[in-house]
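Asker: Dropping a structure here in structure tokens format, bear with me for questions.
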Amino acid sequence: MAKYFVKRVLLAIVTIFIITVIAFFTMNAIPGGPFNSEKASSPQVKAALEARYNLDKPLLEQYVIYVQGLFHGDMGISTKTGRDIAQTILESFKVSATVGGMAAAIAIVCGIVFGSIAALKRNTVIDRIIVFLSTLATAVPSFVLATILLYVFSMKLGWFQVWSADSHNYVLPVIALSLYPMSYITRLTKTSMLDALGQDYVRTAKAKGVSQVLVIFKHALRNALIPVITYVGPMIASILTGSMVVESIFTLGGLGSKFVTSITNRDYPMIMGTTIFLAVLMVGMNLISDLVYKLVDPRITFD
Amino acid sequence: MSEKLLEVKNLHTSFFTDSGEVKAVNGVSFSLESGKILGIVGESGSGKSVTAYSIMQILAGTGKVVEGEILYKGENILNYSKQQMKNFRGKKCSIIFQDPMTSLNPTFTIGNQLMEAILLHTDRNKEEAKARAAEMLTLVGVNEPEKRLKQYPHELSGGMRQRVMIAMALACEPDILIADEPTTALDVTIQAQILELMKDLQKQLGMAIIMVTHDLGVIASMCDEVIVMYGGRVCERGTADAIFYHSSHEYTKGLIRSIPSTQNMKQKLIPIAGTPINLLNMPKGCAFCSRCDNAMKICLEQIPEEIWVGEDHLASCWMNVKKQMEQEKVGASK
Ligand SMILES: Nc1ncnc2c1ncn2[C@@H]1O[C@H](COP(=O)(O)OP(=O)(O)OP(=O)(O)O)[C@@H](O)[C@H]1O
Ligand SMILES: [Mg+2]
Numbered sequence: 008m009a010k011y012f013v014k015r016v017l018l019a020i021v022t023i024f025i026i027t028v029i030a031f032f033t034m035n036a037i038p039g040g041p042f043n044s045e046k047a048s049s050p051q052v053k054a055a056l057e058a059r060y061n062l063d064k065p066l067l068e069q070y071v072i073y074v075q076g077l078f079h080g081d082m083g084i085s086t087k088t089g090r091d092i093a094q095t096i097l098e099s100f101k102v103s104a105t106v107g108g109m110a111a112a113i114a115i116v117c118g119i120v121f122g123s124i125a126a127l128k129r130n131t132v133i134d135r136i137i138v139f140l141s142t143l144a145t146a147v148p149s150f151v152l153a154t155i156l157l158y159v160f161s162m163k164l165g166w167f168q169v170w171s172a173d174s175h176n177y178v179l180p181v182i183a184l185s186l187y188p189m190s191y192i193t194r195l196t197k198t199s200m201l202d203a204l205g206q207d208y209v210r211t212a213k214a215k216g217v218s219q220v221l222v223i224f225k226h227a228l229r230n231a232l233i234p235v236i237t238y239v240g241p242m243i244a245s246i247l248t249g250s251m252v253v254e255s256i257f258t259l260g261g262l263g264s265k266f267v268t269s270i271t272n273r274d275y276p277m278i279m280g281t282t283i284f285l286a287v288l289m290v291g292m293n294l295i296s297d298l299v300y301k302l303v304d305p306r307i308t309f310d
Numbered sequence: 003m004s005e006k007l008l009e010v011k012n013l014h015t016s017f018f019t020d021s022g023e024v025k026a027v028n029g030v031s032f033s034l035e036s037g038k039i040l041g042i043v044g045e046s047g048s049g050k051s052v053t054a055y056s057i058m059q060i061l062a063g064t065g066k067v068v069e070g071e072i073l074y075k076g077e078n079i080l081n082y083s084k085q086q087m088k089n090f091r092g093k094k095c096s097i098i099f100q101d102p103m104t105s106l107n108p109t110f111t112i113g114n115q116l117m118e119a120i121l122l123h124t125d126r127n128k129e130e131a132k133a134r135a136a137e138m139l140t141l142v143g144v145n146e147p148e149k150r151l152k153q154y155p156h157e158l159s160g161g162m163r164q165r166v167m168i169a170m171a172l173a174c175e176p177d178i179l180i181a182d183e184p185t186t187a188l189d190v191t192i193q194a195q196i197l198e199l200m201k202d203l204q205k206q207l208g209m210a211i212i213m214v215t216h217d218l219g220v221i222a223s224m225c226d227e228v229i230v231m232y233g234g235r236v237c238e239r240g241t242a243d244a245i246f247y248h249s250s251h252e253y254t255k256g257l258i259r260s261i262p263s264t265q266n267m268k269q270k271l272i273p274i275a276g277t278p279i280n281l282l283n284m285p286k287g288c289a290f291c292s293r294c295d296n297a298m299k300i301c302l303e304q305i306p307e308e309i310w311v312g313e314d315h316l317a318s319c320w321m322n323v324k325k326q327m328e329q330e331k332v333g334a335s336k
């Protein structure tokens with residue numbers, strides 16, 4: 008177990024290293040640079056700026072300098088704003104994580120509850136309604152949903168402000184972000200719950216005199232959750248890192264939208280910083296979901 | 003005569019499927035006295051498991067007892083409330099299943115699953131329940147019980163798991179143990195061990211057993227009484243000896259001809275020809291009729307009544323009726 012964990016962490020470090028290489032060199036291969044579009048900059052100013060960010064050095068040396076900085080916990084400063092990258096990422100991640108965390112929690116809890124209900128009330132009106140709504144929700148792309156929500160609740164009904172500089176209302180973005188994973192988890196839970204309820208061990212539990220509620224929530228649900236966990240790990244990672252589209256529509260200034268602007272700006276340190284951050288988050292979530300998997304399903308061995 | 007512990011009267015159980023009503027059990031009656039072993043034999047699909055599940059009320063969602071009574075110490079358990087039924091299962095009557103590989107929950111430890119029943123049905127606290135669980139494991143011949151309690155089902159062999167199932171079933175000292183083909187999924191040496199264990203435990207604890215099987219050898223070696231099922235009906239019942247040496251139903255005769263034994267070593271084994279009946283569309287007469295070599299006209303038209311063919315021996319076959327009528331005629335003409 009510990010050995011497996013160490014192996015996975017080492018592998019994760021290698022993965023992240025490879026990602027930095029690929030990101031660094033492809034980023035530099037894209038035409039344009041951080042200071043190319045600067046309107047009023049004379050060649051001298053541009054050269055001075057490039058020297059400041061080491062952009063005048065050979066590519067390989069630039070990479071080495073960047074990685075050295077990383078080891079010292081220095082992710083550099085933005086070529087666009089001049090602010091510290093680590094700081095910027097953390098700030099915008101806070102927004103993404105708050106919205107994403109709420110959305111993920113709602114998706115998981117509601118998904119499991121609705122999925123279980125649909126399985127238990129199979130072939131009833133309740134089941135049909137849940138299946139219909141969840142199918143509908145998985146079919147609507149989040150940007151369409153976000154737009155509709157914004158239009159109906161902010162512009163028509165005026166329940167929420169479209170945009171405000173100081174106080175953010177997260178209700179609409181959370182709904183927009185959670186609906187798809189919630190529906191997906193609902194359907195996943197329903198299928199695996201039905202499967203679990205038909206298993207021999209459920210019959211054994213019933214035959215022991217275990218109450219219906221415990222049969223469902225102890226014996227069946229635990230087994231039914233195994234497939235759900237595989238989906239939830241990566242889902243949380245992608246939701247936490249923010250959906251670029253939803254963040255842009257609701258002008259949240261989260262990590263997702265920062266990432267996109269950094270690319271259009273050719274803000275090299277910011278691109279690298281966000282890429283590494285997202286990679287670490289993704290790899291970390293996968294590792295955690297593996298461990299949870301092991302907790303729920305003892306048959307899984309790691310060696 | 004000892005007290006009747008369990009009486010099943012005219013049990014009809016059906017599954018209501020999309021393609022219609024599957025009549026899995028069609029009027030089964032039998033009774034079980036305390037401390038006795040009753041065998042139920044019959045080929046695959048004859049309704050043995052459905053009969054057992056009906057008693058436990060653990061039929062699949064579409065299954066329902068549509069007629070009949072199941073009396074436990076004189077009380078009809080079909081009228082039990084949910085709470086009473088919970089108390090019946092596992093405490094008064096336990097069941098072990100055919101496949102020990104899938105009958106234990108893979109995500110909980112052996113200890114957890116054993117203690118669950120004990121905590122549910124007795125006043126024992128957690129510590130005591132654990133001690134009881136370990137005691138039960140020792141009783142069923144599982145070594146290192148303390149260690150096993152912490153293990154998960156997948157860490158145990160099939161034979162071990164069936165022992166755990168038996169321990170679980172007997173933990174609350176039920177009056178009745180239903181064993182639904184407890185050895186079918188195990189290999190031969192393990193089968194013998196498990197049967198030996200069950201016989202021992204029956205002597206020690208004195209519960210009554212309903213032994214469901216298609217292995218006539220098992221029946222011969224352990225059962226006091228046997229019922230033979232075909233098409234969801236009882237076609238013959240009696241002591242193991244009567245069934246073996248004086249089989250009086252054409253199906254039972256075929257069943258016995260189809261198993262190898264020391265007596266018929268040199269003869270060819272004769273399988274029963276034909277396929278089992280369609281439970282969606284039960285025939286009007288005897289269920290076995292279409293596969294019976296000696297079928298008569300009446301067999302097609304009327305279900306044969308159960309009649310005495312010997313002491314403690316009943317069969318429902320028109321052949322016996324015919325035979326008795328002939329004997330009466332001979333007697334009368336003398
Ligand atoms: N859940 C179900 N839905 C529909 N039909 C069922 C269901 N369970 C059992 N049956 C029907 O009931 C009949 C009797 O099944 P049962 O399991 O009692 O047979 P059995 O005598 O135990 O056979 P085996 O020796 O194979 O275990 C089968 O033919 C089957 O078609
Ligand atoms: Mg069966």
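Top line first, the protein sequences correspond to chains A and B.
Residues in the first sequence are numbered from 8 upward in steps of one, following the working numbering.
Residues in the second sequence are numbered from 3 upward in steps of one, following the working numbering.
We put the beta carbon where it would ideally sit given N, CA and C, even for glycine.
In this text the structure is predicted, and so the values were computed from the model without any measurement.
Excluding five sequence neighbours on each side, which residues of the same chain lie with their C-beta closer than 7 Å to the C-beta of residue 97 of chain B?
Answerer: Contacts found: 54, 58, 171, 180, 182.
Asker: Output the distance between the C-alpha atoms of residue 3 of chain B and residue 210 of chain B, rounded to the nearest integer angstrom.
Answerer: Residue placement at residue 3 of chain B cannot be trusted, given a pLDDT of 45 that sits under 50; the coordinates are not used to answer.
Asker: Quick one: which unbroken beta strand (DSSP E) runs of 3-plus residues sit fully inside the segment 247 to 331 of chain B? Chain order, please.
Answerer: Whole beta strand (DSSP E) segments, 3+ residues: 309 to 312, 315 to 317.
Asker: Return the CA-CA distance between residue 222 of chain B and residue 254 of chain B, expressed in angstroms with no decimal places.
Answerer: The straight-line gap from Cα to Cα measures roughly 14 Å.
Asker: Less than 7 Å between CB atoms is the rule here; does residue 207 of chain A satisfy it with respect to chain B?
Answerer: Output row for residue 207 of chain A: interface = yes.
Asker: Which same chain residues end up closer than 8 Å to residue 307 of chain B when comparing Cβ atoms and leaving out the 5 residues on each side of it in sequence?
Answerer: For residue 307 of chain B, where only same-chain residues beyond five positions count, the Cβ hits under 8 Å are 318, 323.
Asker: For the segment 79 to 99 of chain A and the segment 273 to 282 of chain A, state whether three or more C-beta atom pairs, one from each stretch, are separated by less than 8 Å.
Answerer: Yes: the two stretches touch, three or more of their Cβ pairs being nearer than 8 Å.
Asker: Between the beta-carbon of residue 149 of chain A and the beta-carbon of residue 265 of chain A, is there less than 7 Å?
Answerer: Their beta carbons are not under 7 Å apart, which means residue 149 of chain A does not touch residue 265 of chain A by this criterion.
Asker: Taking the alpha-carbon positions, what's the residue 300 of chain B to residue 135 of chain B distance?
Answerer: Roughly 56 Å separates the two Cα atoms.
Asker: Would you list the residues sitting across from residue 65 of chain B in a DSSP beta bridge?
Answerer: According to DSSP, which records beta bridges pairwise, residue 65 of chain B is partnered with B:17.
Asker: Quick check on DSSP: helix, strand or coil for residue 197 of chain B?
Answerer: The answer is helix: DSSP assigns residue 197 of chain B an H, G or I state.
Asker: What would DSSP say about residue 60 of chain B, mapped onto helix, strand or coil?
Answerer: Residue state, collapsed to three classes: coil.
Asker: Is any heavy atom of ligand 2 found at a distance shorter than 6 Å from the C-beta of residue 51 of chain B?
Answerer: Checking the Cβ of residue 51 of chain B against ligand 2 gives yes.
Asker: In chain order, what residues of the same chain have a beta carbon less than 6 Å from the beta carbon of residue 121 of chain B, not counting five sequence neighbours either side?
Answerer: Excluding residues within five positions, the ones whose Cβ falls inside 6 Å are 131.
Asker: Cβ atoms of residue 240 of chain A and residue 190 of chain A: under 7 Å apart, would you say?
Answerer: For residue 190 of chain A and residue 240 of chain A, no; Cβs fall outside 7 Å.
Asker: Where do the N-terminal and C-terminal ends of the alpha helix (DSSP H) with residue 222 of chain B fall, by residue?
Answerer: Run containing residue 222 of chain B: 218 to 224, per the alpha helix (DSSP H) assignment.
Asker: For the segment 56 to 72 of chain B, which residues have a CB atom closer than 7 Å to at least one CB atom of chain A, in sequence order?
Answerer: Listed by position along the chain: 58, 60.
Asker: Do residue 50 of chain B and residue 60 of chain B have their C-beta atoms within less than 7 Å of each other?
Answerer: The answer is no: Cβ separation not under 7 Å.
Asker: Which of helix, strand or coil does DSSP assign to residue 3 of chain B?
Answerer: Because residue 3 of chain B carries a pLDDT of 45, less than 50, the predicted location of this residue cannot be relied on, and the following value inherits that uncertainty. Reduced to three states, the DSSP call for residue 3 of chain B is coil.
Asker: Expressed to the nearest angstrom, what Euclidean distance is found between the alpha-carbon atoms of residue 23 of chain A and residue 248 of chain A?
Answerer: Spanning the two alpha carbons is a distance of roughly 16 Å.
Asker: Identify whether residue 181 of chain B lies in helix, strand or coil by the three-state DSSP scheme.
Answerer: Correct three-state label for residue 181 of chain B: strand.
Asker: Closer than 8 Å by beta-carbon distance: list the chain A residues that pair up with residue 91 of chain B, in chain order.
Answerer: Neighbours of residue 91 of chain B on chain A, chain order: 213, 214, 215, 216.
Asker: For residue 108 of chain B, decide whether its Cβ has a neighbour in chain A, counting only Cβ atoms nearer than 7 Å.
Answerer: Yes - at least one Cβ of chain A is within 7 Å of the one on residue 108 of chain B.
Asker: Taking DSSP as the reference, what is the three-state secondary structure of residue 95 of chain B?
Answerer: Correct three-state label for residue 95 of chain B: strand.
Asker: Taking DSSP as the reference, what is the three-state secondary structure of residue 300 of chain A?
Answerer: Looking at residue 300 of chain A - three-state DSSP - the assignment turns out to be helix.
Asker: Using beta carbons (cut-off 7 Å, strictly below), is residue 226 of chain A in contact with chain B?
Answerer: Chain B, which has a Cβ nearer than 7 Å to the Cβ of residue 226 of chain A, makes this yes.
Asker: How is the alpha helix (DSSP H) around residue 34 of chain B delimited, first residue to last?
Answerer: No alpha helix (DSSP H) contains residue 34 of chain B, which is instead part of the beta strand (DSSP E) from 22 to 35.
Asker: Heavy atom of ligand 1 less than 6 Å from the Cβ of residue 19 of chain B, yes or no?
Answerer: Residue 19 of chain B: yes, Cβ under 6 Å from ligand 1.
Asker: For residue 6 of chain A, name the three-state secondary structure that DSSP assigns.
Answerer: Outside the shown range of chain A (8 to 310) lies residue 6 of chain A, about which nothing can therefore be said.
Asker: Give every residue of the same chain whose Cβ lies closer than 7 Å to the Cβ of residue 303 of chain B, excluding the five residues on either side of it in the sequence, and list them in chain order.
Answerer: Closer than 7 Å at Cβ, skipping near neighbours: 286, 287.
Asker: Which runs of the alpha helix (DSSP H) at least 4 residues long sit entirely within the segment 77 to 155 of chain A? Give them in chain order.
Answerer: Here the runs fully enclosed are 92 to 127, 132 to 146.
Asker: Can you pull the chain B neighbours of residue 303 of chain A, defined as C-beta to C-beta under 7 Å?
Answerer: Under the 7 Å cutoff, chain B gives 109.
Asker: In the DSSP assignment, find the unbroken beta strand (DSSP E) run with residue 232 of chain B in it and report its ends.
Answerer: Start and end: 227 to 232.
Asker: Note down the Cα distance separating residue 261 of chain A from residue 103 of chain A, rounded to an integer number of angstroms.
Answerer: Rounded to whole angstroms, residue 261 of chain A to residue 103 of chain A spans 5 Å at the Cα level.
Asker: Alpha carbon to alpha carbon, how far is residue 210 of chain A from residue 89 of chain B? Give it in angstroms, no decimals.
Answerer: Rounded to the nearest angstrom, the two C-alpha atoms are 16 Å apart.
Asker: Beta-carbon separation of residue 278 of chain A and residue 34 of chain A under 7 Å?
Answerer: It is a contact, given that the beta carbons lie within the stated cut-off.
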